[in-house]
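Asks:
Residue numbers (the numbering used here): 27 to 403.
1. When you compare each of 311, 274, 217 to residue 299 by their alpha carbons, which one comes out closest?
2. Please report how far the alpha carbon of residue 88 lies from the alpha carbon of residue 128, in whole angstroms.
3. Distance, Cα to Cα, residue 175 vs residue 137?
4. Could you give the residue range of the beta strand (DSSP E) that holds residue 169?
5. Let me confirm a value: residue 187 is counted as buried when at least 16 other C-beta atoms fall within 10 Å, else exposed. Which label applies?
6. Give the DSSP-derived three-state secondary structure of residue 61 in the structure shown.
7. Give the range of the beta strand (DSSP E) segment to which residue 151 is assigned.
8. Taking the DSSP output, what are the residues bridged to residue 379?
9. Could you check whether the region 328-342 touches the region 225-233, counting it as contact only if at least three pairs of C-beta atoms, one from each stretch, sit closer than 8 Å?
10. Alpha carbon to alpha carbon, how far is residue 200 from residue 173?
11. Rounded to the nearest angstrom, what separates residue 324 and residue 224 at their Cα positions?
12. From what residue to what residue does the beta strand (DSSP E) around residue 278 run?
13. Provide the residue span of the alpha helix (DSSP H) that contains residue 31, from first to last.
14. Can you look up residue 244 in the DSSP assignment and give me helix, strand or coil?
15. For residue 196, is the classification buried or exposed, using 16 other Cβ atoms within 10 angstroms of its Cβ as the cut-off for buried?
16. Nearest to residue 363 by CA position, among 394, 371, 30, is which residue?
17. Start and end of the alpha helix (DSSP H) containing residue 301?
18. Distance check for residue 283 and residue 212, CA to CA, integer angstroms please.
19. Do residue 206 and residue 152 come within 8 Å of each other at the CB atom, strictly closer than that value?
20. Spell out the partners DSSP gives residue 238 in its beta bridges.
21. Cutting at 8 Å between CB atoms, please list the residues of its own chain near residue 157, excluding the five before and the five after it.
22. Would residue 293 pass as a contact of residue 135 if the rule is Cβ separation under 8 Å?
23. Any idea which residues DSSP pairs residue 78 with across the strands?
24. DSSP on residue 322, reduced to helix/strand/coil?
25. Considering only C-alpha positions, which residue in the set 76, 343, 309, 115 is nearest to residue 334?
26. What does residue 230 pair with, by DSSP beta-bridge criteria?
27. On the premise that residue 372 lies in contact with residue 342, defined as a C-beta separation below 8 Å, what is that separation, rounded to the nearest angstrom?
28. Between residue 401 and the rest of its own chain, which residues show a CB-CB distance below 7 Å, the 5 nearest in sequence each way excluded?
29. Helix, strand or coil for residue 100? Go by DSSP, reduced to three states.
30. Between the region 69-84 and the region 112-121, do at least 3 Cβ pairs fall closer than 8 Å?
31. According to the Cβ coordinates, are residue 104 and residue 60 closer than 8 Å?
32. Alpha carbon to alpha carbon, what distance is there between residue 193 and residue 384?
33. Buried or exposed for residue 277, please, with buried defined as at least 16 other CB atoms from any protein chain shown within 10 angstroms of its CB.
34. Where does the unbroken beta strand (DSSP E) through residue 402 begin, and where does it stop?
35. From which residue to which residue does the beta strand (DSSP E) around residue 208 run?
36. Let me check one thing: in DSSP terms, what residues is residue 309 bridge-paired to?
In structure tokens:
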């Protein structure tokens, strides 16, 4: 496959913070970046050469967008299939639309993982209230009802604590296709970010421990500090997913580690991941550079980590009393500040993150939490 070399133009579908950090990595290596999304003055658009504002369903705009770039990639997975098909009719799209087709819908994703024999929580497909009642009877309570599509950061989920809550949960989620999962009493949530090239080359970062607040990622510790056997199992699971889906690009596998030491796949994200942001400061190559290298058919870079690290998300809640105290945060010499250029702060909205390096992940965690606390005036 012919490499797409610096000087070429990368097209990004989507315009949030993941696209922004990807665009910065691409521009550092000498590429031009065009982005298309329904919004304007976006995090990605602010650092791109060209920002195109158009609905993903505007296939003429997508076709014109594709004509002016050398390859197309994604910064989020919920792009309509027709949009992907139109772009792919003009230039390579990486990862391919088939990857998005599987990972953007929970029923397809979980069926795919089950077919591969990978460990995951027990689940049942729910297409009606009767399906849900039967599923609850089989799975037991508590269990978690999740919409099949468009769920992230805890959205589109309801915990069912008893069978008599099933009907209300079904109504709350809009009586749409869902999956019912067993409730996993996990010890920790983990994730593994990896990349695969067109030639099948595979590179991975270490497992990361993730701590959530109100279903939104709050803190990540890298490395996770799990037994080597767990790390090796996670890598093999990820390699299997990449090879079976023929992923070209970056993908994150999210896991539960149960209290009895079992690793269960929670979900897949076919793009750079919030839990991998620490790689910008802590590793030889970031997840965004790896995405660029993979989609441009360049050799994958080293994923070696310089030091243990921790990452803290900065949500819009920090703006409740006005602009956070950036001077205070920047007074912590071992902490790096990343802001995403979002024009409006809202509760729960990811506005940026902090990263700290230290001799241990727990030491880095203490530093990054202290720096974030200092933002509140």
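Glycine included, each C-beta is placed from N, C-alpha and C at the ideal position.
Replies: With the structure as the only source:
1. 217
2. Here the alpha carbon of residue 88 sits roughly 22 Å from the alpha carbon of residue 128.
3. 14 Å
4. 169-173
5. exposed
6. strand
7. 149-152
8. 339, 364
9. yes
10. 9 Å
11. Straight-line measurement puts the Cα of residue 224 at about 9 Å from the Cα of residue 324.
12. 275-284
13. No alpha helix (DSSP H) holds residue 31; DSSP gives it neither H nor E.
14. strand
15. buried
16. 394
17. No alpha helix (DSSP H) holds residue 301; DSSP gives it neither H nor E.
18. 6 Å
19. yes
20. 243
21. Within the same chain, residue 157 has close Cβ partners 150, 151.
22. yes
23. 62
24. coil
25. Among 76, 343, 309, 115, the Cα nearest to that of residue 334 belongs to 309.
26. 220
27. 4 Å
28. The residues are 344, 350, 351, 354, 355.
29. strand
30. no
31. no
32. 49 Å
33. buried
34. Neither: residue 402 is in no beta strand (DSSP E) and is coded neither H nor E.
35. Boundaries of the beta strand (DSSP E) harbouring residue 208: 204-208, taken from the DSSP string.
36. 331
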